[in-house]
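If you count the sequence shown from 1, position 199 lands on 199 in full-length UniProt numbering, and the numbers rise without skipping. Idealized CB from N, CA, C, for every residue including glycine. Take a look at the structure set out below.
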Amino acid sequence: MRREGLAPMSVLSAPTTSASAVSVDLGPASALSCRECGQRYPLGPIFACAECFGPLEIAYDLPTGDPEGLRSRIEAGPASIWRYSELLPVPADVATKPNLNPGWTPLVRADRLAAELGVTGGLWVKDDSGNPTHSFKDRVVANALEAARAFGFTTLSCSSTGNLAGAVGAAAARAGLRSCVFIPHDLEQGKVVMAAVYGGDLVGIEGSYDDVNRFCSELIGDPAGEGWGFVNVNLRPYYAEGSKTLAFEICEQLGWRIPDQLVVPIASGSQLTKIDKGIRELISLGLVEDRPYRIFGAQAEGCSPVSRAFKDGHDVIRPVKPDTIAKSLAIGNPADGPYVLDIARRTGGAVEDVTDAQVVDAIKLLARTEGIFAETAGGVTVGVTRKLIEAGVLDPTLTTVVLNTGDGLKTLDAVAPTTGPTAIIRPDLDAFREAGLV
Ligand SMILES: *Cc1c(COP(=O)(O)O)cnc(C)c1O
Ligand SMILES: [Zn+2]
């Protein structure tokens, strides 16, 4: 078995087939299904298969048969991820409940960046920095929140590389739930403050993200964690579906068309695998034409276990100890890594990594050409795009979408040492002339 590290203890904490699990209303979601062996389970706060420890995914009764009707209902829907509520594990009235209404972020046509990179086939940046807590994590948390409500959890929690903690804190505040989130203690100040400001409990753990995650798995199996919904652990199947909305929005914003190439950041690999799932669902529902597309994964060199495995031709991920400025992507033992490898290989994509210096250069390149200030994760995707074009792996004549998943204001330290005033002068015209700017 390729998957390791899923503790049997987390399976034991799963509720057995209870009446409440069956009566849960999560819209089109009908069951949980094991990604490895296909075993089915009723909807509930479980994430690993009791038979094989494989990860569980949502199985749906999707609205087939009338693609035109579905497309017009989506287009008439709210300007948030809830326009796709018929394709998500959420109740039909989700948009009326208190939540952050994330998504429907701009797909920016990036002609000036394209010119710098030599892309002629059309380049877009899907800019998720404008979400309510300034990262893509609001999408996944909004989905997990509905599951938490459905299962009666009163505390919302997570293990986080930074952005998730803020997204959970904010979502819990809006929904009137308690929150208690866990992060590595040495994150960027912007992320620590955002994780704390919403008034929930924030716990810094002395260790890496992988230590934080292991701790949370133990907490779930312990009475101390009873009644707690960990969005990315025991609610992970519901949480993960939120990433499909990136694929839905990109295709809809391109006029219901799949781009030829997508460049996606990898932390746990969940987002990348669900973008692929989202595209496949759009095809099977008849909302987009079935055509080939390639998915490219992007990591920072200082935490590149998936890129390493891809290049070595392995299908097992060897965990690493992260050391990179791209802290939001610093997961040394990515749970969905093997599936990312499958998708990159199946679609004809690749997984690549860039150095921290290249991340900083790419942040500045995107800012200078498109007026988008990305966090380090966006520097990773833009940097990897550039590297893959130079290597002849990414085809510059094809339509390409690059994801920016977070806001540069959260990772100021990355660029602050090399960014600042062109001049500091006395407030008079002579001084300005002397500064050599005219
Ligand atoms: C969490 C995160 C991702 C992707 O995470 P996955 O675990 O791979 O789904 C990407 N970018 C940013 C900024 C993030 O915070
Ligand atoms: Zn299984």
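* Is the segment 394-404 touching the segment 312-322, taking contact as three or more C-beta pairs under 8 Å? -> no
* To do: Compare the Cα-Cα distances from V360 to each of G69, A391 and T419 and report the closest residue.
  => Residue T419 is the option with its Cα nearest to V360.
* Proximity winner among L43, S30, L56 and G44, relative to E36 (alpha-carbon distances) -> L56
* Return the Cβ separation of I389 and G118 in integer angstroms, given the expectation that the two are a contact with Cβ distance under 8 Å. => The Cβ separation is near 6 Å, so the contact holds.
* Asked: What does a CB cutoff of less than 8 Å around R71 pick up in its chain, not counting 5 residues either side in sequence?
  -> W256 and L287
* So what does S135 bridge to, in DSSP terms? -> G406
* Asked: With which residues is T400 paired in a DSSP beta bridge?
  -> DSSP output for T400 lists L123 and Q261 as bridge partner(s).
* Asked: In terms of alpha-carbon separation, which member of T96, Y84, C303 and S208 lies closest to W104?
  -> Of the listed residues, the one whose Cα sits closest to W104 is Y84.
* To do: Report all residues from its chain with a CB closer than 7 Å to the CB of C49; omit the five preceding and five following residues, and keep chain order.
  => Excluding residues within five positions, the ones whose Cβ falls inside 7 Å are C34, E36, C37, Q39 and L56.
* To do: Can you list the residues near ligand 2, meaning Cβ strictly closer than 5 Å to any non-hydrogen atom, in the order they appear in the chain?
  => Checking every Cβ against the heavy atoms of ligand 2 under 5 Å gives C34, E36, C37, Q39, C49, E51, C52 and G54.
* Asked: Exposed or buried, residue 440, counting other C-beta atoms within 10 Å across all chains shown (16 or more means buried)?
  -> Nothing can be reported for residue 440, as the shown portion of the chain is limited to 1 through 438.
* To do: Measure how close the beta-carbons of L366 and V382 come, nearest whole angstrom, since I'm counting them as under 8 Å.
  => Contact flag correct, Cβ pair sits at about 5 Å.
* Asked: Rounded to the nearest angstrom, how far is the Cβ of A195 from that of A165, given a contact under 8 Å?
  -> 4 Å
* Give me the Cα-Cα distance between H134 and I205, rounded to the nearest whole angstrom. => So the alpha carbons of these two residues sit roughly 23 Å apart.
* Would the beta-carbon of A267 be found less than 7 Å away from any heavy atom of ligand 1? -> yes
* Where the alpha helix (DSSP H) containing L365 begins and where it ends -> D356 to E370
* **Any non-hydrogen atom of ligand 1 within 7 Å of T397 CB** => no
* Does the segment 292-300 come close enough to the segment 150-157 that 3 or more CB-CB pairs lie under 8 Å? -> Per the Cβ contact rule, the segment 150-157 is not in contact with the segment 292-300 (fewer than 3 Cβ pairs under 8 Å).
* Just checking my contact of L156 with V168 at CB under 8 Å: how many whole Å lie between their CB atoms? -> Confirmed, about 5 Å.
* Asked: Does the beta carbon of Q253 fall short of 7 Å from some heavy atom of ligand 1?
  -> no
* To do: Tell me where the beta strand (DSSP E) around T155 begins and ends.
  => T155 to S159
* Through-space distance from D25 to V340, alpha-carbon basis -> 30 Å
* N-terminal and C-terminal residue of the alpha helix (DSSP H) that Q189 is part of -> Element bounds for Q189: Q189 to V197.
* **Opening and closing residue of the alpha helix (DSSP H) in which Q271 lies** => S270 to S284
* Should L12 be labelled buried (16 or more other beta-carbon atoms within 10 Å of its own) or exposed? -> Only weak support is given to the placement of L12: the predicted model assigns it a pLDDT of 37, under 50, and the question is left unresolved by the model.
* Exposure label - G229; buried when at least 16 CB within 10 Å -> buried
* Name the DSSP bridge partner or partners of A59? -> A31
* Taking only the alpha-carbon atoms, compute the straight-line gap between A435 and P417 and give it to the nearest angstrom. => 21 Å
* To do: Determine the direct distance from the alpha carbon of D413 to that of G122, and round the result to whole angstroms.
  => 32 Å
* How big is the Cα-Cα spacing for G176 and D323? -> 37 Å
* To do: For Q299, verify whether its CB is less than 7 Å away from any heavy atom of ligand 1.
  => No, the Cβ of Q299 stays beyond 7 Å of every heavy atom of ligand 1.
* Hey, V351 and A240: beta-carbon distance below 8 Å or not? -> no
* Asked: Secondary structure at V382, three-state DSSP: helix, strand or coil?
  -> helix
* Could you tell me the distance, in whole angstroms, from the CA atom of S268 to the CA atom of R426? => 50 Å
* Using only the heavy atoms of ligand 1, determine whether one of them is closer than 7 Å to the beta carbon of G406. => yes
* Residue burial classification, V193 (beta-carbon count within 10 angstroms, cutoff 16) -> It counts as exposed.
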